[in-house]
Amino acid sequence: MTEHNPTRRFFFAALPAMILLGIFILFNYYRSYQDTHQTNNPYALLQREHMPEVSEGLGKILSSYDFESGNANNNLSHLAFSGHTEKQSLKMSAQVQFSPGLWIKFKDLPGDSAWIRATGYAWFSCRVSEAKCSLVATCNHNGINYKYMSVPIENEAVKPYQWNKISIDYHIPPAPDREDVLQVYFWYRGQGEMLVDDIEIKLFVHDKPK
Amino acid sequence: MKWRNKVIQHYFFYILFCASLALTWYFHKDATRYSDRNELWSDRAGYYIYLPATIFYHFDTRKMPVDLDVKTGGGFSIDTLRNKIDTKYTCGVALMAAPFFLASGVISRMAGYDSESGFSMLYMRMMSLAAVIYLFLGLWFLKRFLDHYFQAFVSFFVITLIFIGTNLFYYSLIDGMMSHVYSFFLFALFLFALKKHQISGSYRYFILLAITLSLAILIRPTNILLGFLFFTWDAASPAGCLKRIKQFLKPSYILCFLAILFIVFLPQLIYWKYLSGSWIHFSYRDEGFTNLLHPRILEVLFSPVNGLIPYTPLILFFLAGTGMMIIHRKPNGWPVAVVFLMVILVSASWKMWYFGCSFGQRPFIEYYAVMAVPFAYFTISLFNSRSLLVKTILFFFVFFFVYFNLRYTVSLYRFERCYYGSTWDWDHYFRSVERAGVISPVRQVQSFENDFENLALCPVFKPSRVFTRSGIYSISACGKGGHTPLFSIRLNDFGYPYPKMMEVEAWVLKPGSRLTATSLNYTMNQGTKVLFGDEQPLDSVLHHPLTWSKVAKTFIIPDVNDSSLLISVFIHNPKGTPVFIDDLRVKFHYKWN
Chain B
1 MTEHNPTRRF FFAALPAMIL LGIFILFNYY RSYQDTHQTN NPYALLQREH MPEVSEGLGK
61 ILSSYDFESG NANNNLSHLA FSGHTEKQSL KMSAQVQFSP GLWIKFKDLP GDSAWIRATG
121 YAWFSCRVSE AKCSLVATCN HNGINYKYMS VPIENEAVKP YQWNKISIDY HIPPAPDRED
181 VLQVYFWYRG QGEMLVDDIE IKLFVHDKPK
Chain Z
1001 MKWRNKVIQH YFFYILFCAS LALTWYFHKD ATRYSDRNEL WSDRAGYYIY LPATIFYHFD
1061 TRKMPVDLDV KTGGGFSIDT LRNKIDTKYT CGVALMAAPF FLASGVISRM AGYDSESGFS
1121 MLYMRMMSLA AVIYLFLGLW FLKRFLDHYF QAFVSFFVIT LIFIGTNLFY YSLIDGMMSH
1181 VYSFFLFALF LFALKKHQIS GSYRYFILLA ITLSLAILIR PTNILLGFLF FTWDAASPAG
1241 CLKRIKQFLK PSYILCFLAI LFIVFLPQLI YWKYLSGSWI HFSYRDEGFT NLLHPRILEV
1301 LFSPVNGLIP YTPLILFFLA GTGMMIIHRK PNGWPVAVVF LMVILVSASW KMWYFGCSFG
1361 QRPFIEYYAV MAVPFAYFTI SLFNSRSLLV KTILFFFVFF FVYFNLRYTV SLYRFERCYY
1421 GSTWDWDHYF RSVERAGVIS PVRQVQSFEN DFENLALCPV FKPSRVFTRS GIYSISACGK
1481 GGHTPLFSIR LNDFGYPYPK MMEVEAWVLK PGSRLTATSL NYTMNQGTKV LFGDEQPLDS
1541 VLHHPLTWSK VAKTFIIPDV NDSSLLISVF IHNPKGTPVF IDDLRVKFHY KWN
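As given, the protein sequences belong to chains B and Z, one line each in that order.
The numbering of the first sequence is our numbering, which starts it at 1 and goes up by one.
The numbering of the second sequence is our numbering, which starts it at 1001 and goes up by one.
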């Protein structure tokens, strides 16, 4: 079982292996460093859902707002004399952070498997990066949000000084409690002003495949 | 050349000893008198208690602090009713550690330290020293033994890797008061004496063999397997084995062996008589070789719960060497293979096949001394391989496995000291490897499994053996208060972002035919306040009595920012109807689609 001069043979074979192991360890340190120091892009965590194509064109309107019924002369109405299709829209600001939208209990929703598609139009004069507003869809159980999804406007392909269509598709999850609430709304997070108009929330009920 | 080897050998062992001692004291630097970091805790205290019981307490519980058994982790118990100190462990380790115990007593007396009846920090440090010295001697004898077959360089290489590349490192420097380093020393000494006996035929070496084997059996009765090598090692043919058997059966040999065995076992027999009134006593009570008819071989070899290969992957090269020796018809290939297979069978037959809070399969540690020969054979074949690529790849794996062992031990296991995963929960295993820093970065928790076999992971006080779907345990969900916990985790343990949903799946059985009114529940709690929850009634799936039925439910995890919130999954059973749960599986989803 003996072998001549194994020391030299060992070093010739072991050296490349040790170098490989060193590279492996360094690579892992690098990955660990990168993981620790990477800045979390909040938008990277956002998720989007897309309703199946078959549902297009169908749907029942659950809620819609064109903001034409109020008086824009009254400051307390927070309405503006400019609209997407008609004359008035909602002026959102630090005082009006949440738009009207949808507020419905699960027990009032039909079907087991349903989608909603919420659309609205936003107008702003600031830079896109300062248009801090999101279209939000969420469920709520005793004040706790779940399946919270949002479309931040500043992250979309939008332009200032024009009406931009914002839309979100949302698959309604099975609620732990039929008293839970489904909500959809615009949330203005900025310090300036922004106009929103023609908010419409449509429900699309799917039959579960048998 | 010989002169150079001697110098290398001298410095090698000198450095090995100093480094091991420094490391073991470093690893125990935070140990306090009664803590799990202390060498005198839990099982280790069970091995050790013979010494203070003899010298300080004279086996009289009235002289002991009443809660000493609790304070030292329950490795032994104080039976005040019968006035007995009860430990299930044998006294072999205590016998071998006795010189160090006595030295601690002398030092304490001379320096004026309080010996605290054998539980002072000085005694703890001396027990660490004992482990290092037996490690050092074990490696030294193993080197001397290997030198009969291999060049010095190969022997050095092999013993170094056996020390730093296997769980011997953990069980000598961190858990040194467990029996394994002592057994390893005895195995190495046995092999050394065996070779000397074969060369010289000297009766002195036979006596040494008998003492070594007797002590090894005393420490761990399954170590009797080592005796097989007396008959087969270097025996070229079955006739050679027969000759050895005949030699052993000569009165001068067998009577000598039995006399030594009796003398070595005498303190143990006396203890058993004191404890149970009988000279022979099975102290492990309801433990034992209960899996003998269905040995858990796959689990012992491959399970993430202390499996041999997942925690000591270097063993693959030991096995490769054994296979090569057999294929190349080298002597000792078959004896090594037979011993290894017997150890697998013995371990797989033991009721707790994962050996509690162990690091890897610890019963194999002493057998590394035997496996050193095939490993050395493998190493030589590696040196002689003509393909540089093959050599480099295999050496890379050898060094990687050593790195794995050291990194896992030093970065993670010396703090955790227990594996909290299920029998085949690979997600938990790989996350542990990542948390140890072997592979970066650490992934988020993807799943959780519990087949309730690993008692360290059991969510209730005691699992049930009445009904079981897999393994030998399930849990009974008819506990008091109608609430049986299955699983809980803090949001903090996920890291950000938190999961959106969890799919819970479990197998449920009801012995009776009536409705149980039980449900699988989930809550998210802030302290005692329930913020969110959901449930799945079990009666909808429990149609037939005495049949395991699968219950599955996807629970939504709300979007919250408080990482201290606790997610709990439990069985709600207000009527206390008998219901059994097994094979829980939870899968986390971080996306909605």
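We treat Cβ as the ideally placed atom computed from N, Cα and C, and that holds for glycine.
These figures come from a predicted structure and were not determined experimentally.
Going by DSSP, name the residue or residues bridged to M1096/Z.
Under DSSP, M1096/Z takes part in no beta bridge, so it has no partner.
Which class does V1433/Z belong to by DSSP, given the choice of helix, strand or coil?
Of the three classes helix, strand and coil, the one that applies to V1433/Z here is helix, per DSSP.
Going by beta-carbon coordinates alone, are R1044/Z and D1175/Z separated by less than 8 Å?
Going by C-beta atoms, R1044/Z is nearer than 8 Å to D1175/Z.
If you compare alpha carbons, which of F1150/Z, Y1026/Z, K1391/Z, D1114/Z is closest to A17/B?
K1391/Z
Nearest-angstrom Cα distance between I1489/Z and F1588/Z?
12 Å
Return the residue from the list L62/B, F67/B, L203/B, E154/B that minimises the CA-CA distance to T85/B.
For the residues L62/B, F67/B, L203/B, E154/B, the minimum Cα distance to T85/B belongs to F67/B.
Through-space distance from S1513/Z to D1539/Z, alpha-carbon basis:
10 Å
Does DSSP put K1591/Z in a helix, a strand or coil?
coil
Shorter than 8 Å from the beta carbon of W1592/Z to some beta carbon of chain B?
yes
Interfacial residues, the region 1440-1468 of chain Z to chain B, with Cβ spacing under 7 Å
S1440, P1441
How would you write the range of the beta strand (DSSP E) that S1447/Z sits in, first residue to last?
Its beta strand (DSSP E) spans residues 1447-1450.
Neighbouring residues, chain B, relative to V1560/Z (Cβ below 7 Å)
I144
Just the Cα atoms here: how many angstroms apart are G1075/Z and W1041/Z?
7 Å
F10/B versus chain A: which residues are under 8 Å apart at the beta carbon?
Any reference to chain A falls outside this structure, whose protein chains are B and Z.
Going along chain B in order, which residues have a C-beta closer than 9 Å to the C-beta of Y1403/Z?
L21, F24, I25
Mapping the DSSP letters down to three states, classify G1118/Z as helix, strand or coil.
helix
Any C-beta of chain Z under 8 Å from that of R117/B:
no
So is F1231/Z in contact with chain B if we call contact Cβ pairs under 8 Å?
no
To the nearest angstrom, report how far apart I1107/Z and A1130/Z are at their CA atoms.
15 Å
Assuming F1605/Z contacts L1213/Z under a Cβ cut-off of 8 Å, what Cβ separation, rounded to an integer in Å, is found between them?
For residue 1605/Z there is no data in the structure shown, the boundaries of chain Z being 1001 and 1593.
Residues of the region 164-197 of chain B with a CB closer than 9 Å to any CB of chain Z: list them in chain order, please.
Listed by position along the chain: H171, P173, P174, A175, P176, D177.
Do you know offhand how far Y1048/Z's Cα is from A1094/Z's?
5 Å
Starting from K1084/Z, trace the beta strand (DSSP E) in both directions and tell me its first and last residue.
1084-1086
Under 9 Å Cβ-Cβ, which residues of chain B neighbour K1391/Z?
R9, F12, A13, A14, P16, A17
Validate contact between the region 1160-1170 of chain Z and the region 1344-1354 of chain Z using beta carbons, cut 8 Å, 3 pairs:
No: fewer than three Cβ pairs fall under 8 Å.
Tell me which residues of the region 1552-1586 of chain Z have at least one Cβ-Cβ distance to chain B shorter than 9 Å, keeping chain order.
The region 1552-1586 of chain Z vs chain B, Cβ under 9 Å: T1554, F1555, I1556, I1557, P1558, D1559, V1560.
Contact criterion: CB-CB distance below 8 Å. Does D1534/Z meet it with respect to chain B?
Among the CB atoms of chain B, one or more fall inside 8 Å of the CB of D1534/Z.
At a Cβ threshold of 8 Å, is Y65/B touching chain Z?
no
Could you tell me whether any Cβ in chain B is nearer than 8 Å to the Cβ of F1012/Z?
Judged by the 8 Å Cβ criterion, F1012/Z is not in contact with chain B.
Which residue's Cα is closest to the Cα of D35/B: T1468/Z, P1441/Z, S1303/Z?
P1441/Z
Below-8 Å beta-carbon distance, L1412/Z vs any chain B residue:
So no, L1412/Z is outside the interface.
Buried versus exposed, by CB contacts within 10 Å (16 or more), C139/B:
buried
With a threshold of 8 Å between beta-carbons, can F204/B be considered close to chain Z, or not?
No, no contact with chain Z.
Fully enclosed by the region 1331-1418 of chain Z, which alpha helix (DSSP H) runs are 4 residues long or longer?
1333-1349, 1368-1384, 1388-1407
Bridge-paired residues (DSSP) for W115/B
H171/B, F204/B
Please list the partners that F1400/Z has in chain B, where partner means a Cβ-to-Cβ separation under 9 Å.
A17, L20, L21, F24
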